[in-house]
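Protein chains in written order, with the working numbering: chain A, 444 to 957; chain B, 19 to 335.
From the three backbone atoms N, C-alpha and C, an ideal C-beta is built for every residue, glycine too.
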């Protein structure tokens, strides 16, 4: 039986301090199949595939590649055994040509001299094998994201990869690029390559995959044959409970008489002509594709990036925060997307993290009032239910959900009136998500305002009072609660994409008519 | 929990090393080393880099480096002597002006690092060169000596003829340093910036302002160290502080302050200073040549940083 599988993960378990990321997960990949790996954020998909590349060392479990058994992988072992992973971030060097990137670290050379001609020829062959049109001489920085991804795939195949793992490959691509990528993936399948495909987009999975494995909260749930299942079943398996309960109920508390923040023809950080209003007690959702300019807007409002022109009016006064400090003093806070890089001081205690924005206020002649410091920390640990043995616990030892709560605690301590959440539940497990949603509800119930950036459609629809959609750094649409629908949001989010496609079609027509 | 215990062990291990060193030197020097008179000598010897190490601790805590410390010590030596001897300036005025100048040099480092964005290594290396040259220019390359007797207070005088004033100055400085680090909000900011500069800025810390303060303090403490040294030697030499930054960095890193920033304690640095003091003194007692001393100190620095980096690597996986 086991010869049938090229890759088997058996009873993989991975523990981090305070969190079990994977518990007893099993995966089997057949030769020449496309296996979709799905699950919510934090379900453990990325951790699981990282065990195949050696980036994560499993606490226990076995990895079998073509019948050979390993306790753990290393990047070298993975390569030797034909496993390649295409991550969301590429390992390309922009200043080098496509061919040079293809042979990065293993350039064809005679002694000390690089044989450019041979490399270009080999690269052209590799690209031809995947039926992609890339000039081997083109600098990678001049290529679109889609083509850069193709180079990564070509690199993997060139290095004899028989098992290709793709981590949300469609996330950064435009719809046209996704089609091209699908064509390549299907071609690889025909050539006998086995593929694990991770994606959030269920449509894609139905279009592409042979089988689907579902993970939830770090546990193996089920493997299904794509043809024999449907979207509803998958969602049910992923979420593990009825959709209704995914978002806590909120009594409407929007006060339309009180505008908290208003942007008038705001330009800055790449964003163009932003006009929007946020009311007291409102959750304003900010939708759009990755790179549409949502985070960029948040950075401007938070003073991390300068305003170029236009106005921000906050509580009736025009403001232009030049630093996060100024924004915080005004009452604007940001819970950033990349919590570990931008939100938290991982090596610092919960107590110090929560007090960080208010230290100057609770100090006299530079010396901290340590009683107030402790009381503040305890207050927010209790109020937002941060699970920890002690306020002196280092933040790096907390789970994702609790880390997110520490950031929120910090802004509550600073008594901020407008809290901007950038992907508030990214990498947070399902149970903790619900709690974060409840906390957002508590915030608006207190009369604070929330600007919520989210790429998760359900979250956007489930939590927002109103949604504004951005595409290519401009607002393309606004939806009231009764107009919420995934289709409309997607249409607005890809508005410019569509325009471009229309343009191309027109050009084609013109050419034909000529 | 175990991590906390490990950290506690790590910051206390340094004291075990210290005690071990005392025992070894005591045995090898037939008890000479442990005599109170020798211990007082050690205190005198460590005063200069002990004082300077406080500013360096702050700098390294934010993952910076200050290579200008030795140069500032030299500059203060020459400038203070020049004021007192060549211009007859009152001793206290000269001391205050010298320390102000040292602080100014530190602020200049802060300007280069925080405002211009020059990497700390290069910025402070540049000012090291600039102010070493400036010291030569000021003194014309000649030593300056002949201070008033009362200037002895900073380096030579001992309270009751036993306990040196310079050691008292060092102890007071360590207490001030400890207070800044543990009890003032600035200390919290230092750890925050050292841990994650971006997140610190986004938590509302004005990183640039804090960097100015840190490099300014580093200059200030180096200046004070320079005054103590000038008083001890009684003569301003243009090579007075040469290479001192390396001794100071060694003390700080040996004391457990992580070169990648964000981790370290003032108590550890005190131990680091005492270890280097004992090591130097012990080797002198045992007639180890100056060159061998350099070799040993270099090895100590590499081992201290190596241990820090290895424990960091372990934590990462």
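Residue 116 of chain B versus residue 890 of chain A: straight-line alpha-carbon distance, rounded | 56 Å
Kindly identify the DSSP beta-bridge partner or partners of residue 721 of chain A.
-> When beta bridges are read from the DSSP output, residue 721 of chain A appears opposite A:704.
With respect to 6 Å, is the separation between the Cβ of residue 522 of chain A and the closest non-hydrogen atom of the ligand ATP below this value?
-> Among the components modelled here there is no ligand, and therefore nothing to report on the ligand ATP.
Beta-carbon proximity check, residue 248 of chain B vs residue 69 of chain B, cutoff 7 Å = Contact: no.
Three or more C-beta pairs closer than 8 Å, one from the segment 711-720 of chain A and one from the segment 760-780 of chain A: is that the case here?
-> no
Three-state class that DSSP yields for residue 322 of chain B in the structure shown = helix
Helix, strand or coil: which one does DSSP assign to residue 37 of chain B?
-> Three-state result, residue 37 of chain B: helix.
Local conformation of residue 514 of chain A per DSSP, three classes = coil
Which residues DSSP lists as bridging residue 654 of chain A, in chain order | Note: residue 654 of chain A sits in a beta bridge opposite A:478 and A:668.
Specify the secondary structure class of residue 789 of chain A as computed by DSSP and reduced to three states.
-> coil
Could you work out which residue in B:320, B:87, B:232 and B:181 is closest to residue 271 of chain B when comparing CA atoms only?
-> B:320
Going along the chain, which residues of its own chain have a beta-carbon closer than 6 Å to the beta-carbon of residue 756 of chain A, five neighbours each way excluded?
-> Counting only Cβ-Cβ distances below 6 Å, and skipping sequence neighbours, we find 705.
Listed in chain order, which residues of the segment 270-286 of chain B have Cβ atoms closer than 9 Å to some Cβ of chain A?
-> 280 and 281
Cross-chain neighbours of residue 871 of chain A in chain B, by beta carbon under 8 Å = Residues of chain B with a Cβ closer than 8 Å to the Cβ of residue 871 of chain A do not exist, since the nearest Cβ in that chain sits about 18 Å away.
Round the Cβ separation of residue 648 of chain A and residue 478 of chain A to the nearest angstrom and send it over; I've been treating them as touching at under 8 Å.
-> That belief does not hold up - the Cβ atoms of residue 648 of chain A and residue 478 of chain A are roughly 10 Å apart, past 8 Å.
Would you decide whether residue 562 of chain A is buried or exposed? Buried here means 16 or more other CB atoms lie within 10 Å of its CB.
-> buried
Using a Cβ cut-off of 7 Å, pull out every chain B residue sitting near residue 768 of chain A, in sequence order please.
-> What residue 768 of chain A touches in chain B: 222 and 224.
Spatial neighbours of residue 287 of chain B in its chain, beta-carbon cut-off 7 Å, leaving aside the 5 residues before and after | 71, 75, 269, 270, 273 and 275
Extent of the continuous beta strand (DSSP E) to which residue 473 of chain A belongs | Segment 462-473, the beta strand (DSSP E) holding residue 473 of chain A.
Which residues in chain A sit within 9 Å of residue 290 of chain B, going by Cβ to Cβ distance?
-> Those do not exist, as residue 290 of chain B stays about 21 Å from chain A at its closest Cβ, beyond 9 Å.
Cα-Cα, which of A:663, A:589 and A:897 is closest to residue 575 of chain A?
-> Answer by Cα proximity: A:589.
Hey, which unbroken runs of the beta strand (DSSP E) at 3 residues or more fall wholly within the segment 746-828 of chain A?
-> 752-757, 760-762 and 775-778
Straight-line Cα distance separating residue 885 of chain A from residue 895 of chain A | 14 Å
Relative to chain B, which residues along the segment 775-786 of chain A have a C-beta separation below 8 Å, given in chain order?
-> 777, 779, 784, 785 and 786
Measuring CB to CB, does residue 840 of chain A end up less than 7 Å from residue 830 of chain A?
-> no
In chain A, what lies closer than 8 Å to residue 67 of chain B by C-beta?
-> Result: empty, since nearest Cβ-Cβ is about 26 Å, beyond 8 Å.
How big is the Cα-Cα spacing for residue 727 of chain A and residue 215 of chain B?
-> 30 Å
Three-pair Cβ contact test at 8 Å for the segment 216-235 of chain B versus the segment 774-793 of chain A | yes
For the segment 798-811 of chain A, enumerate the residues whose C-beta is nearer than 9 Å to any C-beta of chain B, in chain order.
-> Hits within the stretch, in order: 798, 799, 800, 801, 802, 803, 805, 806, 808, 809, 810 and 811.
Figure out for me which residue from A:806, A:793 and A:859 has the closest Cα to the Cα of residue 832 of chain A.
-> A:793
Span separating the alpha-carbon of residue 169 of chain B from that of residue 110 of chain B | 9 Å
Take the Cβ of residue 90 of chain B as the centre, count every other Cβ of all protein chains shown within 10 Å, and call the residue buried at 16 or more, exposed below.
-> buried
Using a Cβ cut-off of 8 Å, pull out every chain B residue sitting near residue 554 of chain A, in sequence order please.
-> Those do not exist, as residue 554 of chain A stays about 35 Å from chain B at its closest Cβ, beyond 8 Å.
Leaving out five residues before and five after residue 240 of chain B in sequence, what residues of the same chain have Cβ atoms less than 7 Å from its Cβ?
-> 70, 73, 87, 90, 91 and 120
How would you write the range of the alpha helix (DSSP H) that residue 864 of chain A sits in, first residue to last?
-> No alpha helix (DSSP H) contains residue 864 of chain A, which is instead part of the beta strand (DSSP E) from 861-865.
Alpha carbon to alpha carbon, how far is residue 936 of chain A from residue 629 of chain A? Give it in angstroms, no decimals.
-> 28 Å
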